[in-house]
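Undergrad: The following block contains the structure, expressed as structure tokens.
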Amino acid sequence: MRSRFYNSALDGGAVVIILKHMLNHSTRLDGVFAALADPTRRAIVERLSRAPASVSELAAPLDMSLPAVLQHLSVLEESGVVKSRKVGRVRTCRVEPAALRTAADWIAQRRAMWERQLDRLAEFLDEEDEEDKGRRK
Amino acid sequence: MKRGTTYGQFVIERVLPQAPARVFAAWADFEKKKRWFGDWHNVLEHTQDFRVGGRALWRGRNDDGVLHQNDTVFHDIVDNERIVNSYTMTLDERRISVSLQTLEFAPVAGGTKLTLTESGVFLDGYDGAEDRVRGTNWLLDHLEAALRGD
Numbered sequence: 322m323r324s325r326f327y328n329s330a331l332d333g334g335a336v337v338i339i340l341k342h343m344l345n346h347s348t349r350l351d352g353v354f355a356a357l358a359d360p361t362r363r364a365i366v367e368r369l370s371r372a373p374a375s376v377s378e379l380a381a382p383l384d385m386s387l388p389a390v391l392q393h394l395s396v397l398e399e400s401g402v403v404k405s406r407k408v409g410r411v412r413t414c415r416v417e418p419a420a421l422r423t424a425a426d427w428i429a430q431r432r433a434m435w436e437r438q439l440d441r442l443a444e445f446l447d448e449e450d451e452e453d454k455g456r457r458k
Numbered sequence: 021m022k023r024g025t026t027y028g029q030f031v032i033e034r035v036l037p038q039a040p041a042r043v044f045a046a047w048a049d050f051e052k053k054k055r056w057f058g059d060w061h062n063v064l065e066h067t068q069d070f071r072v073g074g075r076a077l078w079r080g081r082n083d084d085g086v087l088h089q090n091d092t093v094f095h096d097i098v099d100n101e102r103i104v105n106s107y108t109m110t111l112d113e114r115r116i117s118v119s120l121q122t123l124e125f126a127p128v129a130g131g132t133k134l135t136l137t138e139s140g141v142f143l144d145g146y147d148g149a150e151d152r153v154r155g156t157n158w159l160l161d162h163l164e165a166a167l168r169g170d
């Protein structure tokens, strides 16, 4: 299947970086090839190459069940092509490597970092409340 | 390295069940702050001099082994109400951003509304989104060709 995603000009630099990253990080290339052999997984990678996305955002345009999407994501994660992180109830996925992240990704990541920090802050304040209650008993 | 500057801004709001003085203290009191700030990394260095013109430094490694450094200067402090700081973020040797951040602690019914507003310039070395879409597509295209055997 040749989709509209496959008609762009060459950008060898980015590819060299991706391949170097894969080799340097001892990602199994056969796993990467296997992961990208599937058109759904390629569509997911293409989507994530534009910006990180949540699992539900990734699933929305795909004509399949959520468990099937999760199965594809787990293959991509095992291959090292995609990484994900859970913040609160939302799992956000992004493509590796870090060297190819866009500025937009950095802003999204920074936001996610501060969201995590504020989660921790809220937990800390609740802990303090508990400690205070303990002392007053 | 490709040079580039991209401006970005984001706002995060949280309503917390504690009073503003408590929430403020979690930032201002370093002994408290150390208990929650940056703990998902392996912390190598963490200091804070909480006064106008004072600095805070945070250095640590994440799971990938990348050295993160957050170097903060406090510009404005209003007890229990507001903190204005700026900070640079460095990954290994690369400075990736310079940000201006405000933390506002507003009393609301039942607690505090904490508003974190950050705007910054994100620096260098990152392909534009279009470049990366192209690069990824080129890779996928060639993998597809390789898998087909041509």
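Residue numbers (this note's numbering), protein chains in the order written: chain F, 322 to 458; chain G, 21 to 170.
Glycine included, C-beta positions come from ideal geometry on N, C-alpha and C.
1) Looking only at its own chain, which residues have a Cβ that is under 6 Å from the Cβ of G:F70, when we skip the five neighbours before and after it?
2) Let me know if G:E138 comes out buried or exposed under the rule of 16 or more other beta-carbons within 10 Å of its beta-carbon.
3) Please go through the segment 100 to 147 of chain G and give each complete beta strand (DSSP E) segment of 3 or more residues, from N-terminal end onward.
4) Which residues of the segment 91 to 124 of chain G have a Cβ closer than 7 Å to any Cβ of chain F? Give them in chain order.
5) Closer than 7 Å, Cβ to any Cβ of chain F: which residues of the segment 63 to 83 of chain G, in chain order?
6) Inspect the beta-carbon positions of G:G140 and G:G28 and report whether they are closer than 8 Å.
7) Between which residues of its own chain and G:R75 is the CB-CB distance below 6 Å, once the five residues before and five after are set aside?
8) Flag G:G85 as yes if its beta-carbon sits less than 8 Å from any beta-carbon of chain F, otherwise no.
9) In the structure shown, what three-state DSSP assignment does G:W47 receive?
10) Checking contacts by CB at 8 Å: is F:A389 closer than that to chain G?
11) If we ignore side chains and look at the alpha-carbon of each, how far apart do F:E398 and F:P360 end up?
12) Taking only the alpha-carbon atoms, compute the straight-line gap between G:A39 and G:I97 and give it to the nearest angstrom.
13) Using the beta-carbon of each residue, which ones in chain G are nearer than 7 Å to F:Q438?
14) Does F:R456 pass the burial test, meaning 16 or more other C-beta atoms within 10 Å, or should it be called exposed?
15) Could you tell me which chain F residues have their CB closer than 9 Å to the CB of G:A129, listed as they occur along the chain?
16) Rounded to the nearest angstrom, what separates G:T110 and F:S405 at their Cα positions?
17) Return the chain-ordered ranges of every beta strand (DSSP E) run that is complete within the segment 52 to 76 of chain G and spans a minimum of 3 residues.
18) Who are the neighbours of F:I428 on chain G, taking C-beta pairs under 7 Å?
19) Could you spell out the range, first to last residue, of the alpha helix (DSSP H) harbouring F:E459?
20) Per DSSP, which residues does G:D96 bridge with? Please list them.
21) Between G:L134, G:K54, G:F30, which has its C-alpha nearest G:E124's C-alpha?
TA: Concretely, from the data shown:
1) Listed in chain order, the non-local C-beta contacts of G:F70 below 6 Å within the same chain comprise A48, local neighbours out to five positions each way being set aside.
2) Burial call: buried.
3) Here the runs fully enclosed are 102 to 111, 114 to 128, 131 to 143.
4) For the segment 91 to 124 of chain G, residues whose beta-carbon sits nearer than 7 Å to a beta-carbon of chain F comprise I116, S117.
5) Under the 7 Å Cβ criterion, the segment 63 to 83 of chain G contributes no residue.
6) Contact: yes.
7) If we look at G:R75 and ignore the five residues flanking it on each side, its Cβ neighbours are D69, V93.
8) For G:G85, the answer is no, since every Cβ of chain F falls outside 8 Å of its Cβ.
9) In this structure, G:W47 counts as helix in the three-state DSSP scheme.
10) Residue-level contact check: F:A389 does not touch chain G, since none of the beta carbons of chain G fall below 8 Å from its beta carbon.
11) Using only the alpha carbons, I get a separation of about 16 Å.
12) Distance between the alpha carbons of G:A39 and G:I97 is about 18 Å.
13) Simply F57.
14) For F:R456, the number of other beta carbons within 10 angstroms of its own is below 16, and it is reported as exposed.
15) Within chain F, no residue comes near G:A129; the closest Cβ sits about 17 Å away, beyond 9 Å.
16) The alpha-carbon separation between G:T110 and F:S405 amounts to approximately 22 Å.
17) Every beta strand (DSSP E) of 3 residues or more that sits fully in the segment 52 to 76 of chain G is shown, in chain order, as 62 to 68.
18) Residues of chain G passing the Cβ test: G28, F30, F142.
19) One cannot answer for residue 459 of chain F here, as it falls past the ends of chain F, which runs 322 to 458.
20) According to the DSSP secondary-structure assignment, G:D96 is paired through a beta bridge with G:V104.
21) Among G:L134, G:K54, G:F30, the Cα nearest to that of G:E124 belongs to G:L134.
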